[in-house]
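Enquirer:
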Amino acid sequence: MSETKGGKPEDLKLPSVEILLTNFIGIMANKAYDNLGLIPGEGSKIDLSQAKLAIDVMTALFELGNPTMDEKSRNELRGLMTNIRMAYVQKAGSYVPGK
Numbered sequence: 099m100s101e102t103k104g105g106k107p108e109d110l111k112l113p114s115v116e117i118l119l120t121n122f123i124g125i126m127a128n129k130a131y132d133n134l135g136l137i138p139g140e141g142s143k144i145d146l147s148q149a150k151l152a153i154d155v156m157t158a159l160f161e162l163g164n165p166t167m168d169e170k171s172r173n174e175l176r177g178l179m180t181n182i183r184m185a186y187v188q189k190a191g192s193y194v195p196g197k
């Protein structure tokens, strides 16, 4: 990649806000699953408060970005959030601290 005189790559094109928003929601979803102990091989502990925080952040991001999303993306993210919420409810209902 060639550089301009200012030292910035000419061809660098930053992603749109919509793409970043979708990526951030995905990151929060992964973190929620991790804190629910649902990522195999990660050896993570269950932390319901951190899982809930990740779910709440993911939901807020979705609500803010919802009007700008295409229908397919909106439906996929709704499904993802529904699955994570159901997993949270199941874990919260059966969780015994210290085990």
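To convert a position in the sequence shown, counted from 1, into the numbering used here, add 98.
Just so it is clear, CB atoms sit at the ideal spot from N, CA and C, and this is done for glycine as well.
#1: Please classify SER171: does DSSP put it in a helix, a strand, or coil?
#2: Checking 9 Å against the spacing of the C-beta atoms, do PHE122 and LEU159 come in under that value?
#3: Under the three-state reduction of DSSP, which class applies to ILE144: helix, strand or coil?
#4: CB LYS143 to CB TYR186, shorter than 9 Å?
#5: Where does SER192 sit, in a helix, a strand or coil, going by DSSP?
#6: Below 8 Å on the Cβ atoms is my contact criterion, and I expect GLY163 with GLU116 to pass it. Report the Cβ-Cβ distance as a whole number of Å.
Expert: Reading off the structure:
#1: Working through the sequence shown from its first residue, we reach residue 171 at position 73. Under the three-state reduction of DSSP output, SER171 falls in the helix class.
#2: If you number the sequence shown from 1, residue 122 lands on position 24. If you number the sequence shown from 1, residue 159 lands on position 61. Going by C-beta atoms, PHE122 is nearer than 9 Å to LEU159.
#3: By 1-based counting over the sequence shown, the position of residue 144 is 46. Three-state DSSP puts ILE144 in coil, outside helix and strand.
#4: The count along the sequence shown starts at 1 and reaches residue 143 at position 45. The count along the sequence shown starts at 1 and reaches residue 186 at position 88. Against a cut-off of 9 Å, the Cβ pair of TYR186 and LYS143 comes out as no contact.
#5: As a first step, residue 192 is located in the sequence shown; it is residue number 94 there, counting from the start. It is helical.
#6: Position 65 of the sequence shown, counting from 1, holds the residue named residue 163. Position 18 of the sequence shown, counting from 1, holds the residue named residue 116. Confirmed, about 7 Å.
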